[in-house]
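Q:
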Amino acid sequence: MHEQDYKKYFEILELKPDTTFSEVKEAYSHLKKLYSSNSFIFAPIEGTLGKEKRKKILEQIETAYAILSDYYLSEKKEKTQTIKTTVSNEHVPEFDIYDGNALRLTREVLGINLEEVAFFSKISLKYLKNIETERFDLLPPKAYVRIFVRKYAEYLSLDIKKVTDDYMKKYENKNKNEF
Amino acid sequence: MKQVKTKVAEIWAIGGGKGGTGKTFLFSQLATYLALKKKQVILIDSDFGGANLRYFFNIKKSEKSIKNFFVNKEPLENLLSHTNIKNLKIITGDRNSISISSIKYSQKMKFLRHIKMLNADYILIDLGGGLNFNTIDIFLLADKMIVITVPEITAIDNLFQFVKNAYFRNLNFLLKKHKLKDAAKNIWEDRKIYGIKDIVDLTDYIKGNLDFDGSISKKISEFSIFIVLNKLRNPNEINQGFSIKSLCIKYLGIPSIYAGYIASDDNFRKNLSISDYLPKFNISTRIQKEITEIAENIINKEQIKISNIKNA
Numbered sequence: 001m002h003e004q005d006y007k008k009y010f011e012i013l014e015l016k017p018d019t020t021f022s023e024v025k026e027a028y029s030h031l032k033k034l035y036s037s038n039s040f041i042f043a044p045i046e047g048t049l050g051k052e053k054r055k056k057i058l059e060q061i062e063t064a065y066a067i068l069s070d071y072y073l074s075e076k077k078e079k080t081q082t083i084k085t086t087v088s089n090e091h092v093p094e095f096d097i098y099d100g101n102a103l104r105l106t107r108e109v110l111g112i113n114l115e116e117v118a119f120f121s122k123i124s125l126k127y128l129k130n131i132e133t134e135r136f137d138l139l140p141p142k143a144y145v146r147i148f149v150r151k152y153a154e155y156l157s158l159d160i161k162k163v164t165d166d167y168m169k170k171y172e173n174k175n176k177n178e179f
Numbered sequence: 001m002k003q004v005k006t007k008v009a010e011i012w013a014i015g016g017g018k019g020g021t022g023k024t025f026l027f028s029q030l031a032t033y034l035a036l037k038k039k040q041v042i043l044i045d046s047d048f049g050g051a052n053l054r055y056f057f058n059i060k061k062s063e064k065s066i067k068n069f070f071v072n073k074e075p076l077e078n079l080l081s082h083t084n085i086k087n088l089k090i091i092t093g094d095r096n097s098i099s100i101s102s103i104k105y106s107q108k109m110k111f112l113r114h115i116k117m118l119n120a121d122y123i124l125i126d127l128g129g130g131l132n133f134n135t136i137d138i139f140l141l142a143d144k145m146i147v148i149t150v151p152e153i154t155a156i157d158n159l160f161q162f163v164k165n166a167y168f169r170n171l172n173f174l175l176k177k178h179k180l181k182d183a184a185k186n187i188w189e190d191r192k193i194y195g196i197k198d199i200v201d202l203t204d205y206i207k208g209n210l211d212f213d214g215s216i217s218k219k220i221s222e223f224s225i226f227i228v229l230n231k232l233r234n235p236n237e238i239n240q241g242f243s244i245k246s247l248c249i250k251y252l253g254i255p256s257i258y259a260g261y262i263a264s265d266d267n268f269r270k271n272l273s274i275s276d277y278l279p280k281f282n283i284s285t286r287i288q289k290e291i292t293e294i295a296e297n298i299i300n301k302e303q304i305k306i307s308n309i310k311n312a
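What follows is the structure, given as structure tokens:
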């Protein structure tokens, strides 16, 4: 297939053709989640179209993602760094307890820089740094920290529950000692 | 001789259907941003019913408002008020004395022509709430059409209605120009025969069967909107902008760009002294970053980039 033929699939994922594989993945997961959900925003627009239209949209999204994945994995390998992530996933070390250091080490083994995490997790770089270095005093309130750690773990494809529980335990212990 | 017009202004209009979503707030901020970028900016409050732009620029009571154009037939140029910001002039709206539905077709066309004749880099038109066809016609005049909503079902419902109405009105204009008046309406009424289920199907049908030289298709795809989400209460709601955009694309077939968002500011509401309404671009605030991102995305027709706010 030529570049032009892929344009349609980028359009289905609502992207421009010059995008990175990471963005394709991000767009795919958002759209899949949206059209599988019962989000209230469907109510005003869905009308009588109902499930049928959504099923069609979901099928298109799946097809587009499958074709674009092949495209990136075969032709554009050198252009995207994130492919490394999926390839080297098997060699990711496992930690007994996930703290800031464990997150940093995992990230480094995966060859992901913090800017990339910030971009896709939508967490500010400053907070990510403070999460890794465990500067709890410089982090926002607890509820936010939990969300941030969760998103960070999700991006690294780690066990979200384990990472969040481990990290928040440490966070709470440290805070207890301080006050 | 008439004043020679030296610039072709880019016109931005903001609509969105519902009052209280922050149309006037956003446009006063965007106008200020553009003016501080040394662009000549004119902000027009064409919210005929509930004009309130003057609060954002601390103009006590302007001697001249848009009413002078419609009632006294004064040229728009004469109605410009200076603001405390260099390069930014405004035309204040009017309250109560003119009703939008009472504006005659010829008056409206004159208004649209005169807006285009104003000398500026950017002309920002703040429309009132509502789905009135006069509002929509002014909206359709713009080079950049912007809609704003808040993450609430009623407001989002209004947004879809507004966009849908604007899209249909535009479609009908285009078809009328090609001597296909009422074609869209007729096809829609017989949609079962044609196997048409929604607006996307209707548009595809028109493009495939009524468009002989490709000019209608081209014009249809020029209709695109910028979406701004206001009053977000938590970071998760940022994603709703992407969802609204997706629905506009997939259910209405309208090319849409999620230009940015503004988080809710409780302090802003608590204080509510008049000075809080004035755009403050001299200090570095969260809102300044959000406005900058929205403005640049609209200028460049770019979608929101999360990386821009990673250091927020």
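So the protein lines, in turn, are chains A and B.
In this text, residue positions in the first sequence follow the numbering used here: the first is 1, and each later residue adds one.
In this text, residue positions in the second sequence follow the numbering used here: the first is 1, and each later residue adds one.
Note that beta-carbon positions come from the ideal geometry of N, C-alpha and C, so glycine has one too.
Since this is a predicted model, take the numbers as computed values, not measurements.
#1: So, is the C-beta of residue 14 of chain A closer than 8 Å to a C-beta in chain B?
#2: Looking at chain B, which residues of the stretch 16 to 45 of chain A have a Cβ within less than 7 Å of any of its Cβ atoms?
#3: So, are the CB atoms of residue 242 of chain B and residue 258 of chain B less than 8 Å apart?
#4: In the stretch 116 to 135 of chain A, which residues sit with their C-beta less than 7 Å from some C-beta in chain B, listed in chain order?
#5: Distance cutoff 8 Å, beta carbons only. Does residue 223 of chain B sit that close to anything in chain A?
#6: Does the stretch 100 to 107 of chain A come close enough to the stretch 9 to 20 of chain A that 3 or more CB-CB pairs lie under 8 Å?
#7: Tell me where the beta strand (DSSP E) around residue 261 of chain B begins and ends.
#8: Taking just the CA atoms, how far does residue 44 of chain A sit from residue 65 of chain B?
#9: Counting only C-beta atoms, is residue 57 of chain A closer than 8 Å to chain B at any point?
#10: Residue 163 of chain B lies in the alpha helix (DSSP H); which residues open and close that run?
#11: Against residue 157 of chain B, what residues of chain A qualify as contacts under a CB-to-CB distance less than 7 Å, listed in chain order?
#12: Any idea what DSSP makes of residue 15 of chain B, helix, strand or coil?
#13: Near residue 54 of chain A, which residues of its chain fall below 7 Å by C-beta distance, leaving aside the five closest residues on each side in sequence?
#14: I'd like to know whether the C-beta atoms of residue 115 of chain B and residue 11 of chain B end up nearer to each other than 8 Å.
#15: Where does the unbroken alpha helix (DSSP H) through residue 34 of chain B begin, and where does it stop?
#16: Run down chain A in chain order and give the residues with a C-beta less than 8 Å from the C-beta of residue 401 of chain B.
#17: For a quick check, are the C-beta atoms of residue 240 of chain B and residue 41 of chain A less than 8 Å apart?
#18: Could you say which of A/74, A/22 and A/100 lies nearest to residue 170 of chain A if we only look at CA atoms?
#19: Do the CB positions of residue 21 of chain B and residue 57 of chain B come within less than 8 Å of each other?
#20: Anything in the stretch 149 to 174 of chain B with a Cβ closer than 7 Å to a Cβ of chain A? List those residues in chain order, please.
#21: With distance defined between alpha-carbon atoms, name the residue in A/5, A/50 and A/117 nearest to residue 157 of chain A.
#22: State buried or exposed for residue 88 of chain A, treating a residue as buried only when at least 16 other CB atoms are found within 10 Å of its CB.
#23: Using a C-beta to C-beta distance shorter than 8 Å, which residues of chain A count as neighbours of residue 232 of chain B?
#24: List, in order along the chain, the chain A residues whose C-beta lies closer than 9 Å to that of residue 194 of chain B?
#25: So residue 133 of chain B packs on residue 69 of chain B, CB below 8 Å; how close in whole Å?
#26: Could you work out which residue in B/148, B/126 and B/89 is closest to residue 141 of chain B when comparing CA atoms only?
#27: Can you confirm whether residue 251 of chain B, when its beta carbon is compared against all beta carbons of chain A, has any partner nearer than 8 Å?
#28: Going along chain A in order, which residues have a C-beta closer than 7 Å to the C-beta of residue 244 of chain B?
#29: Would you say the stretch 174 to 192 of chain B touches the stretch 209 to 229 of chain B, given that touching needs at least three Cβ pairs under 8 Å?
A: Based on what the coordinates show:
#1: Start at 1 with the first residue of the first sequence, and residue 14 of chain A comes out as number 14. At least one chain B Cβ lies under 8 Å of residue 14 of chain A.
#2: 30, 31, 34, 39, 40, 41, 43, 44 and 45
#3: The count along the second sequence starts at 1 and reaches residue 242 of chain B at position 242. The count along the second sequence starts at 1 and reaches residue 258 of chain B at position 258. Cβ atoms of residue 242 of chain B and residue 258 of chain B: closer than 8 Å.
#4: 118, 119, 122, 124, 125 and 126
#5: As a working mapping, residue 223 of chain B is identified with position 223 in the second sequence. Not closer than 8 Å to any Cβ of chain A, the Cβ of residue 223 of chain B fails to qualify, so no.
#6: no
#7: Working through the second sequence from its first residue, we reach residue 261 of chain B at position 261. Here the beta strand (DSSP E) through residue 261 of chain B covers 256 to 263.
#8: Taking the second sequence and counting its residues from 1, one reaches residue 65 of chain B at position 65. Taking the first sequence and counting its residues from 1, one reaches residue 44 of chain A at position 44. Their Cα atoms are separated by approximately 37 Å.
#9: Indexing the first sequence from 1 puts residue 57 of chain A at position 57. It does: the Cβ of residue 57 of chain A has a partner Cβ on chain B nearer than 8 Å.
#10: Translated into the one-based positions of the second sequence, residue 163 of chain B becomes position 163. Start and end: 153 to 177.
#11: For the purposes of this step, residue 157 of chain B is taken as the residue at position 157 of the second sequence. Result: 44.
#12: Against the second sequence, residue 15 of chain B aligns to sequence position 15. Three-state DSSP puts residue 15 of chain B in a strand.
#13: One-based indexing of the first sequence puts residue 54 of chain A at position 54. Within the same chain, residue 54 of chain A has close Cβ partners 35.
#14: Residue numbering aside, residue 115 of chain B sits at position 115 when the second sequence is read from its first letter. Residue numbering aside, residue 11 of chain B sits at position 11 when the second sequence is read from its first letter. Yes, these two residues count as a Cβ contact at 8 Å.
#15: By 1-based counting over the second sequence, the position of residue 34 of chain B is 34. For residue 34 of chain B, the enclosing alpha helix (DSSP H) begins and ends at 23 to 36.
#16: Not covered by the structure: residue 401 of chain B. The range shown for chain B is 1 to 312.
#17: Here residue 240 of chain B refers to the residue found at position 240 when the second sequence is read from its first residue. Here residue 41 of chain A refers to the residue found at position 41 when the first sequence is read from its first residue. Yes.
#18: Position 170 of the first sequence holds residue 170 of chain A. Residue A/100 is the option with its Cα nearest to residue 170 of chain A.
#19: Locating residue 21 of chain B in the second sequence gives position 21, counting from the first residue. Locating residue 57 of chain B in the second sequence gives position 57, counting from the first residue. Contact annotation: residue 21 of chain B and residue 57 of chain B have beta-carbon atoms that are not nearer than 8 Å.
#20: Of all residues in the stretch 149 to 174 of chain B, 153, 156, 157 and 160 have a Cβ within less than 7 Å of some Cβ in chain A.
#21: Translated into positions along the first sequence, residue 157 of chain A becomes position 157. The shortest C-alpha separation from residue 157 of chain A is found at A/117.
#22: Translated into the one-based positions of the first sequence, residue 88 of chain A becomes position 88. Its pLDDT being 43, under 50, residue 88 of chain A is placed unreliably in this model, and the coordinates cannot settle the point.
#23: As a working note, residue 232 of chain B is residue 232 in the second sequence. Within chain A, no residue comes near residue 232 of chain B; the closest Cβ sits about 12 Å away, beyond 8 Å.
#24: By one-based count along the second sequence, residue 194 of chain B stands at place 194. Correct list: empty, because the minimum Cβ distance to chain A is about 16 Å.
#25: Sequence index remark: in the second sequence, residue 133 of chain B carries index 133 (1-based). Sequence index remark: in the second sequence, residue 69 of chain B carries index 69 (1-based). Actually they do not touch by this definition, with Cβ atoms about 19 Å apart.
#26: Here the question's residue 141 of chain B lines up with position 141 in the second sequence. Measuring from the Cα of residue 141 of chain B, the nearest candidate turns out to be B/126.
#27: Position 251 of the second sequence holds residue 251 of chain B. So, interface residue.
#28: Here the question's residue 244 of chain B lines up with position 244 in the second sequence. Per Cβ cutoff of 7 Å: 41.
#29: Result yes; three or more Cβ-Cβ pairs closer than 8 Å.
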